[in-house]
Each structure stands twice: as structure tokens, then as C-alpha cells.
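A.B. asks: Top line first, the protein sequences correspond to chains A and B. Quick note on numbering: the first sequence equals residues 1 to 335 in the numbering used here. Quick note on numbering: the second sequence equals residues 336 to 670 in the numbering used here. Note that beta-carbon positions come from the ideal geometry of N, C-alpha and C, so glycine has one too. After the C-alpha cells below, expect a handful of questions from me.
2 protein chains.
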Amino acid sequence: MKLASLPQGRDGRLIVVSDDLAWYADADHIVPTLQGLLDEWDRYFPLVEALSIELAHEAIPRKRFHEREACAPLPRAYQWVDGSAYVNHVELVRKARGAELPDSFWTDPLMYQGGSDDLRGGREPLVLADEAWGCDFEAEIVVVTGDVPQGATAEQALRHIRLVGLVNDVSLRNLIPSELGKGFGFVQSKPASHLSPVFVTPGALGDAWQGGKLARTLCVDLNGKPFGRIEAGEECTFDFGVLIAHLAKTRKLGAGSIVGSGTVSNRGADGSPGKPVADGGRGYACIAEQRMVEAIAAGEAATPFLKWGDSLRIEMRDAKGKSIFGAIEQSVVKG
Amino acid sequence: MKLASLPQGRDGRLIVVSDDLAWYADADHIVPTLQGLLDEWDRYFPLVEALSIELAHEAIPRKRFHEREACAPLPRAYQWVDGSAYVNHVELVRKARGAELPDSFWTDPLMYQGGSDDLRGGREPLVLADEAWGCDFEAEIVVVTGDVPQGATAEQALRHIRLVGLVNDVSLRNLIPSELGKGFGFVQSKPASHLSPVFVTPGALGDAWQGGKLARTLCVDLNGKPFGRIEAGEECTFDFGVLIAHLAKTRKLGAGSIVGSGTVSNRGADGSPGKPVADGGRGYACIAEQRMVEAIAAGEAATPFLKWGDSLRIEMRDAKGKSIFGAIEQSVVKG
Numbered sequence: 001m002k003l004a005s006l007p008q009g010r011d012g013r014l015i016v017v018s019d020d021l022a023w024y025a026d027a028d029h030i031v032p033t034l035q036g037l038l039d040e041w042d043r044y045f046p047l048v049e050a051l052s053i054e055l056a057h058e059a060i061p062r063k064r065f066h067e068r069e070a071c072a073p074l075p076r077a078y079q080w081v082d083g084s085a086y087v088n089h090v091e092l093v094r095k096a097r098g099a100e101l102p103d104s105f106w107t108d109p110l111m112y113q114g115g116s117d118d119l120r121g122g123r124e125p126l127v128l129a130d131e132a133w134g135c136d137f138e139a140e141i142v143v144v145t146g147d148v149p150q151g152a153t154a155e156q157a158l159r160h161i162r163l164v165g166l167v168n169d170v171s172l173r174n175l176i177p178s179e180l181g182k183g184f185g186f187v188q189s190k191p192a193s194h195l196s197p198v199f200v201t202p203g204a205l206g207d208a209w210q211g212g213k214l215a216r217t218l219c220v221d222l223n224g225k226p227f228g229r230i231e232a233g234e235e236c237t238f239d240f241g242v243l244i245a246h247l248a249k250t251r252k253l254g255a256g257s258i259v260g261s262g263t264v265s266n267r268g269a270d271g272s273p274g275k276p277v278a279d280g281g282r283g284y285a286c287i288a289e290q291r292m293v294e295a296i297a298a299g300e301a302a303t304p305f306l307k308w309g310d311s312l313r314i315e316m317r318d319a320k321g322k323s324i325f326g327a328i329e330q331s332v333v334k335g
Numbered sequence: 336m337k338l339a340s341l342p343q344g345r346d347g348r349l350i351v352v353s354d355d356l357a358w359y360a361d362a363d364h365i366v367p368t369l370q371g372l373l374d375e376w377d378r379y380f381p382l383v384e385a386l387s388i389e390l391a392h393e394a395i396p397r398k399r400f401h402e403r404e405a406c407a408p409l410p411r412a413y414q415w416v417d418g419s420a421y422v423n424h425v426e427l428v429r430k431a432r433g434a435e436l437p438d439s440f441w442t443d444p445l446m447y448q449g450g451s452d453d454l455r456g457g458r459e460p461l462v463l464a465d466e467a468w469g470c471d472f473e474a475e476i477v478v479v480t481g482d483v484p485q486g487a488t489a490e491q492a493l494r495h496i497r498l499v500g501l502v503n504d505v506s507l508r509n510l511i512p513s514e515l516g517k518g519f520g521f522v523q524s525k526p527a528s529h530l531s532p533v534f535v536t537p538g539a540l541g542d543a544w545q546g547g548k549l550a551r552t553l554c555v556d557l558n559g560k561p562f563g564r565i566e567a568g569e570e571c572t573f574d575f576g577v578l579i580a581h582l583a584k585t586r587k588l589g590a591g592s593i594v595g596s597g598t599v600s601n602r603g604a605d606g607s608p609g610k611p612v613a614d615g616g617r618g619y620a621c622i623a624e625q626r627m628v629e630a631i632a633a634g635e636a637a638t639p640f641l642k643w644g645d646s647l648r649i650e651m652r653d654a655k656g657k658s659i660f661g662a663i664e665q666s667v668v669k670g
């Protein structure tokens, strides 16, 4: 089943979307919002799923779905925590800051608590007040949980995943070093994130969903050119079960918690940090990694961080080439 | 005006509470929840305030208010960010970890993004799975904001403060060093926080609310004995306007964002880290500070972190000795 929200009030209104993202049916007569569905999943899921099946069978009136009309599936959430499942990314961005990668990062997930009061749609512009902040995108997988009890194991945690989607976890690279230097994580350096237009139940992902990993290619384009074609199912050191269990060690998680994979990242076939797409590699899901690879190869980074007017596209396609979650497609605007 | 929530569903139901905390009137016929009031403050505030005045005049049916029956005013929130306004606290806990205090900490607020999906009531037990985690309380002031635009100045930010309250920001001290060592802030080491039974509008605080600081004594008792009698209006380096403006530099804040002061802390009259209450000082609002002072004086800390069966009380009284927010009064239980 695929779900989205159309703009209404602070939380949007729930719709079910057809598998090909071409059609939708209103679901807000069953439960007004996606958060409401997550709050009472066992009660409403069967009803919303039945609606979704009727939509697929064209048994009910249907309307044209346009990704550009959707807001974030959850325009605000009670929790957003981001992991670092792709250790290659962590290694590269730390190298850029002159920091070593501790061995423990391969066994003990690195996670941070992010702001969730303002989550934006995949087609909303990326609003940037100051280019000097060094704005970067980070293309990631996210899951949305139901209630997760404290102390859940990784295996148990997997069963609490309700939905899967994509996120652009925007980072202000030039604000990060001094903020991380203070030791308490990100506050100013992580502005609002943008979510994919559509979130999908794990069951509807078929073979692509493999034990808490999403085995499809994450496609990132910058200014109309391929920037990353990264295999999200490869080199994913921590599956979502492990990330959720890490988070739930000392506290329970409320329904609607969003957990991120961290920036998806692959090494090169030779074990190196890989190559840009333009050089025949798989490329990257954030600018910082490409800049680091450039600095290693040529002594200095060449690709600038995002500027006003830049455009960005983040998408994942199924085996038939159809968009799974819709595209995060946005331009960077001053504001 | 004083507001609280009684248990109902995931978000409680809104009530107005009399100034002396003895009586309440249901407000959920006006707007069901405190979050709902914060979402549409301009629309509902005049109606809820009118109800509060009728309650004060005994012009409507009133019911007995018992702090123990209230849940957290906001049982979950879209944002919880904690500051470190009392730099004496930061200096002491860093000393305990063997870390120096950078000079910038006196001018650049230290803040962290916390979990807000599970906020507990002031009379709910403090549930602790493992005493070896080194559980500590941190008694703090919090404010709840309305919508705050990105780039708000400190002065503008003050006008967006809707409510003031207290929090026990529970910390697991023995998990903090390794987690902060990873550089991304707190995840496992900050379990659910507990909020005071009642939140109060700044206007109802009278002279105690002074330019974004709360000038009253924060009273902390541990196992029935005074542990801290700290002046929250003194040595507060960053008022709430400064903390909110820091947070809003790169992003807007959604209505219902909770911002904390960090652990309230005073130096001694001689500029030293102060003395425990038992030694004639003002004491502390967390165990870690007292342990550090003990370690400096005697070579090792004597006060243990919280154990199952310990009891805790955090309260603030007005000039007439009446409790302003009700008391956070809880015992530590295994679970």
C-alpha cells in the first residue's frame, strides 16, 4: 500500500495512492491524517488497505495523483532520528573534517536526534537563507515505526516498521564543524528535511525489502545530471532493525517515529571511496563525499555546495523502472 | 492562566487550573488538547482565558484538581530542545568528564535536540531498567513556544513564548561519555523526560518572569531531604529569548516546541562551584554536580546516582509560598 498527504491544516489529509502513482483516493473519511493512522494502526489499517485494493481494482471513484500536489506524508512528527548505516559516508565526511573513524563505528550505530516539527514535501523548494552556510543534500532511506517497546531486539524492531520512504536530510556543512565541536550534536546545522511524496508499506516493496534493507538503486541528479546511482542494499552496515533497537535501548518509541539510514554510500569496486558518476563510478548521495574524493585525487574539492537556482532530484525505481516513492525534486531558493 | 492535561488517548485532554492549583474546569469543549490550543492560539486563547477567569470567580462548576491525576501537559510534542543557560552546570559536569570549558560557551549557547515522542507526567514514576546506567535527574525550567519564524531575534522570540513549566530531564550519566565521544549528541543517554503537572502563561507569573528568566527558587529534594535551593533568576547566562533565537537561526519552529534552560545551577558566593545544602550551600539540581564538588573537596564522589526506591521532588513556589507549577514528585522504579 502507498500513502501520501495532501495539504490541509498542519498535518495534511490522508490519501491512498495507486501502485503506479497515477491515481489516488481520499482516505480521510476513515482517519483524517497519516499520524492518526499510525496512532491506531490495528484499527484503521484494514480499512485503509481495503480502500487501496478497491483503488487498484478501479472499484471506486479515483482522482489523478500529482506528486507536486502532495505535502510531506508527515508534515510534522513526534520524532526524527537519523542513523549512519553506510559507514563509507561517515568515513569520508570525517576525513573531510580531519577526524579518524573509530573502529567501534562498524559495530555501534552512530545516530542523532533531529528536529521533526517542520518536515517538508518532496516538491517544496529547498529554502536557503545564506549560501555561505554550505548547503548540502543527503539522500537517505527512512522508515516510520509504530509503537516500539523499550528494549526491543533488532528482530522485534523490524516488525514495528509501518512505512518506508526517502528523505533529503539537508545539512549546512559550514556550520557543522563548530557545532559538532561543542559536542551536543546538530541544532543549527540541520534545517528542515524534505520527505518523498509517497510512503510505502514494507509488504508493497516486494523483493526490494530484504531484512530491514532496501535493495534498490538510489538515483540522485544534480542540475539535471546524474550525481549518484548508489545501491542502497549494499554496504549497509546496520539494517533498520538494528538502528531502531539501538534507539529503543533506554526508552520506548512513539508511533510515527521516523528513523533514517544516514546518507546512502558505496565504496568503489577496489575498496576505494569510489568515483563520481562522470568518471564511471556510482557517484554519491551528498556533495560532501564527492568533494572529499576530489580533494584526495586532485588536492582540492571542485564541486561547490548548493547555490540558489540549483536543482535536485532524488528517486528510487522498481525492477520495472517505475518510481516507488515519487521523486524529491526541488530547486534551491533564497529565503 | 494555568493549564494541565488529564489522561485521555495519546495527548490528554485540556483543563484550566486555578491559580492555587486546588480546582479545575474542563476546557476540551473549546479545544480538545493543549497541542490543539498551541496550534490555533489566537483563535482559542481568548476562550480558554475567559474560562479561566470564570473558574477564578467560581462562576462555573469546578472540580478538585489533584496533581497526581494529571499527565504531562504535552504527553508528546513535535520538538524538545534543551539549552545550557547555566554555565556553572556545564563547567562542573565537563570537569567530571575531564573536559575543559571553552570560552565560547559564555557567548554561544550549547543546545541539544532531545526526544519528544514520550513526555511523562510529574507524578509518574521514573522507570529505570538498569541502575548501572547511572541515572540522574536534572531540574530545569522549560518554555513552550508558538510558531517562531526563522531568523527571529532574541527580543522577538520572547513574544512567542506561550507557557512556562518545569522538567526533570533524566540523564543516564554512565552512558553519556561514550555517546558524546561519538560526536552526535545524546540518543540512549537521555530517556523520557518528566514535565511539571501544570504549565503557566508568562503573564500569570507576575514579577517572577523577568525578560525571559524565571526569578524564583528552584527547590529539589532527594529522599525527603533538601538537595537544591537554587535561584533560577541568577547566573542564567542565556535567557529564553536568546536560546529560542539560537535555535531559529536556520529553521522556523513549530507551535508547541519545548525549549529547556538546562540544569539550573548557582556558584557559591565566593565564586566557587558552591556547597551542598547539608553544608550550608544552595546545593544542586542534579546529582552529577554534587558528586563533582565532593570529588574536588574529598578526592572522590560520595553521593550515588539514583537507585530503585529513591524519591525525588522538584518544585517552585511563588512569593506567598504557593506552588506555581505543581511538583514533579516521583520515585525511581525498576522496569
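By Cβ distance below 6 angstroms, which residues in the same chain neighbour P125 (chain A) in space, the five residues on each side in sequence not counted?
C.D. replies: Q330, S331 and V333
A.B. asks: Along the chain, where does the alpha helix (DSSP H) containing R313 (chain A) start, and where does it finish?
C.D. replies: Here R313 (chain A) belongs to no alpha helix (DSSP H); instead the beta strand (DSSP E) covers S311 to M316.
A.B. asks: Give a yes or no on whether the C-beta atoms belonging to P608 (chain B) and L427 (chain B) are separated by under 8 angstroms.
C.D. replies: yes
A.B. asks: Using a C-beta to C-beta distance shorter than 7 angstroms, which residues of chain B count as neighbours of F184 (chain A)?
C.D. replies: L445, M446, Y447 and G520
A.B. asks: Give me the DSSP bridge partner(s) of D417 (chain B).
C.D. replies: For D417 (chain B), which the question treats as bridged, DSSP gives the partners B:Y447 and B:G595.
A.B. asks: Anything in chain A within Cβ reach of K584 (chain B), meaning under 7 angstroms, just list it in chain order.
C.D. replies: From the beta-carbon of K584 (chain B), the residues of chain A found nearer than 7 angstroms are Q188.
A.B. asks: Does the beta carbon of A129 (chain A) come closer than 8 angstroms to any beta carbon on chain B?
C.D. replies: yes
A.B. asks: Could you tell me which uninterrupted beta strand (DSSP E) segments, each at least 3 residues in length, are contained entirely in the segment 140–174 of chain A, listed from first to last along the chain?
C.D. replies: 161–168
A.B. asks: Please decide whether D118 (chain A) counts as near chain B, where near means a Cβ-Cβ distance under 8 angstroms.
C.D. replies: yes
A.B. asks: Does Q414 (chain B) get closer than 8 angstroms to chain A when you measure Cβ to Cβ?
C.D. replies: For Q414 (chain B), the closest Cβ of chain A is nearer than 8 angstroms.
A.B. asks: My understanding is that I258 (chain A) touches L74 (chain A), with C-beta atoms under 8 angstroms, so please give their C-beta distance in whole angstroms.
C.D. replies: 7 angstroms
A.B. asks: For F227 (chain A), which three-state DSSP category applies?
C.D. replies: Note: F227 (chain A) maps to strand in three-state DSSP.
A.B. asks: Can you check DSSP and say which residues form a bridge with K337 (chain B)?
C.D. replies: B:V352 and B:V535
A.B. asks: Helix, strand or coil for D39 (chain A), going by three-state DSSP, please let me know.
C.D. replies: The three-state reading of DSSP puts D39 (chain A) in helix, counting H, G and I together.
A.B. asks: With DSSP run on the structure shown, which of helix, strand or coil describes Y284 (chain A)?
C.D. replies: coil
A.B. asks: So is P276 (chain A) buried or exposed if we call it buried at 16+ other beta carbons inside 10 Å?
C.D. replies: With 16 or more other Cβ atoms within 10 Å, it is buried.
A.B. asks: Taking G450 (chain B) as the reference, which of B:Q523, B:D542, B:E435 and B:C406 has the closest Cα?
C.D. replies: Considering only alpha carbons, the answer is B:Q523.
A.B. asks: With H, G and I counted as helix, E and B as strand and the rest as coil, what does DSSP make of S513 (chain B)?
C.D. replies: Looking at S513 (chain B) - three-state DSSP - the assignment turns out to be helix.
A.B. asks: I'd like to know whether the C-beta of L530 (chain B) is nearer than 8 angstroms to at least one C-beta of chain A.
C.D. replies: no
A.B. asks: Looking at the strands, I want to know which residues DSSP matches up with A25 (chain A).
C.D. replies: A:V16
A.B. asks: Where does D542 (chain B) land, buried or exposed, given buried means 16+ other C-beta within 10 angstroms?
C.D. replies: Around the Cβ of D542 (chain B), a 10 Å sphere holds fewer than 16 other Cβ atoms; the residue is exposed.
A.B. asks: Pairs of beta-carbons, one from the segment 346–356 of chain B and one from the segment 549–557 of chain B, closer than 8 angstroms: are there three or more?
C.D. replies: no
A.B. asks: Taking C-beta pairs closer than 7 angstroms, name the residues in chain A that G589 (chain B) reaches, listed in chain order.
C.D. replies: R76, D117 and D118
A.B. asks: If contacts are defined as beta-carbon pairs under 8 angstroms, then G254 (chain A) and D147 (chain A) qualify, I think. What distance do you get, rounded to the angstrom?
C.D. replies: 6 angstroms
A.B. asks: For the segment 159–172 of chain A, list every residue whose C-beta sits within 9 angstroms of some C-beta in chain B, in sequence order.
C.D. replies: L172
A.B. asks: Would you say L243 (chain A) lies against chain B (beta-carbon separation less than 8 angstroms)?
C.D. replies: L243 (chain A) does not count as touching chain B.
A.B. asks: Give me whichever residues DSSP pairs with H194 (chain A) in a beta bridge.
C.D. replies: A:R120 and A:N168
A.B. asks: For A527 (chain B) versus V505 (chain B), is the C-beta spacing smaller than 8 angstroms?
C.D. replies: yes
A.B. asks: Residues bridged to K398 (chain B) by DSSP?
C.D. replies: B:Y359
A.B. asks: Taking contact to mean 3 or more Cβ pairs, one atom from each stretch, closer than 8 angstroms, check whether the segment 259–266 of chain A and the segment 79–95 of chain A are in contact.
C.D. replies: yes
A.B. asks: Where do the N-terminal and C-terminal ends of the beta strand (DSSP E) with V428 (chain B) fall, by residue?
C.D. replies: Element bounds for V428 (chain B): not the beta strand (DSSP E) but the alpha helix (DSSP H), V422 to A431.
A.B. asks: How is V220 (chain A) classed by DSSP in three states: helix, strand or coil?
C.D. replies: The three-state reading of DSSP puts V220 (chain A) in strand, counting E and B together.
A.B. asks: What do you reckon, is the C-beta of V416 (chain B) under 7 angstroms from a heavy atom of the ligand NAP?
C.D. replies: Because no ligand of any kind appears in the structure shown, any question about the ligand NAP cannot be addressed here.
A.B. asks: By the DSSP assignment, the beta strand (DSSP E) with I328 (chain A) in it spans what residues?
C.D. replies: I328 to K334
A.B. asks: Under a three-way DSSP split, which group does L578 (chain B) fall into?
C.D. replies: helix
A.B. asks: Using 8 angstroms as the limit for Cβ to Cβ distance, is Q485 (chain B) near chain A?
C.D. replies: yes
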